[in-house]
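Shown next, in C-alpha cells, is the structure this report addresses.
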Amino acid sequence: MNATAIQLPGVGALPISINHLGYLSDDIDAAITTFSALGMTGVYRFDTSISTVAFGTMPFSPAQGTEGSPPGIRIELTMPTTPGNRFADRLEENGPGLDHFGITVPDFNEYLDALVGAGCIVTVDMRKAVIGTEGLASTHSGLEACFLDCDAIGFPNVEMFGP
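Converting from the sequence shown to my numbering requires adding 33 to each position, the first position being numbered 1.
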C-alpha cells in the first residue's frame, strides 16, 4: 500500500494508505486486455450477484519486482451485470473510467465521522445488508468498509476500509 494523506477542510491532513483504484467498464474483456497491455499482471476474475470483477496489479515502474523497488497498485475492474446498483448507475451516468480510490484507514469510525463531517456522503455501507448491493456485501464480508461520494470536498469517490 502507498501511504499518503487526505486533506479535509477544517480537519487537515489525515494519513491514509491507497490500496487500489476502481475502474468501471462496459466490457470487462476489453478492459482486461487494455490494462494488461499497459502492464497489469496477476489478473483474477470473478462474478458477484451484480457485476463481473477483475483484479490485477499495475507496476509503478519497470523496476517493480526487483529488490527495493516500489510495489505496484491493485486495479479493480468492474462491469455491472444488473441494473439498479451503485456500479450500474455510475457507469450509466459517467461512462467507463476511473470510479474510485480504495483507501485503508487506521480508525474506520474516526475517519468516517471526519469524512461525513467534511461533506462526504455514504452511498453504500458494506457493514450493513443493502438491497441491490448483495455482491458488495458478499465480497466484503467481515470488513469495515463503505463507499463515499466526496465530490463536495473536491475528492473523488472513495471505497474506505478499516485496518
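Built from N, CA and C at the ideal position, the CB exists for glycine as well.
The model shown is predicted, which means the values in this text are computed figures rather than measured ones.
query                                                                                            : result
Beta-carbon proximity of L145 to M193, cut-off 9 angstroms                                       : yes
Check: E192 C-beta below 8 angstroms from any heavy atom of the ligand FAD                       : Ligands displayed in this structure: none; no statement on the ligand FAD is therefore possible.
Segment limits, beta strand (DSSP E) that includes R107                                          : I106 to P113
Among I65, G152 and V138, nearest to F79 - alpha-carbon criterion                                : I65
Between the CA atoms of A63 and E26 - distance to the nearest angstrom                           : Because residue 26 is not part of the residues shown, which for the chain are 34 to 196, the question remains open.
CB contact check: I106 to chain D, cutoff 9 angstroms                                            : Considering every chain present, this structure includes no chain D. It has just one protein chain.
Residue from M159, P196, L176 and I154 whose Cα sits closest to the Cα of D182                   : I154
First through last residue of the beta strand (DSSP E) which encompasses F180                    : A178 to D182
Buried or exposed (CB count within 10 angstroms, at least 16 for buried), N118                   : buried
Pairwise C-alpha distance: G43 and T81                                                           : 39 angstroms
Cβ shell of F188 (< 8 angstroms), same chain only, five flanking positions each side left out    : I39 and C153
Within 9 angstroms, strictly: CB atoms of F120 and L57                                           : yes
For A87, the first and last residue of its enclosing alpha helix (DSSP H)                        : Run containing A87: none in the alpha helix (DSSP H); it sits in the beta strand (DSSP E), S84 to M91.
CA nearest to the CA of E106, picked from M112, T114 and G89                                     : In the sequence on display, residue 106 carries Ile and not Glu. Out of M112, T114 and G89, G89 has the C-alpha closest to the C-alpha of I106.
Residue environment, G75, which counts as buried when at least 16 other CB atoms sit within 10 Å : exposed
Collapsed DSSP secondary structure at L71 in the structure displayed                             : coil
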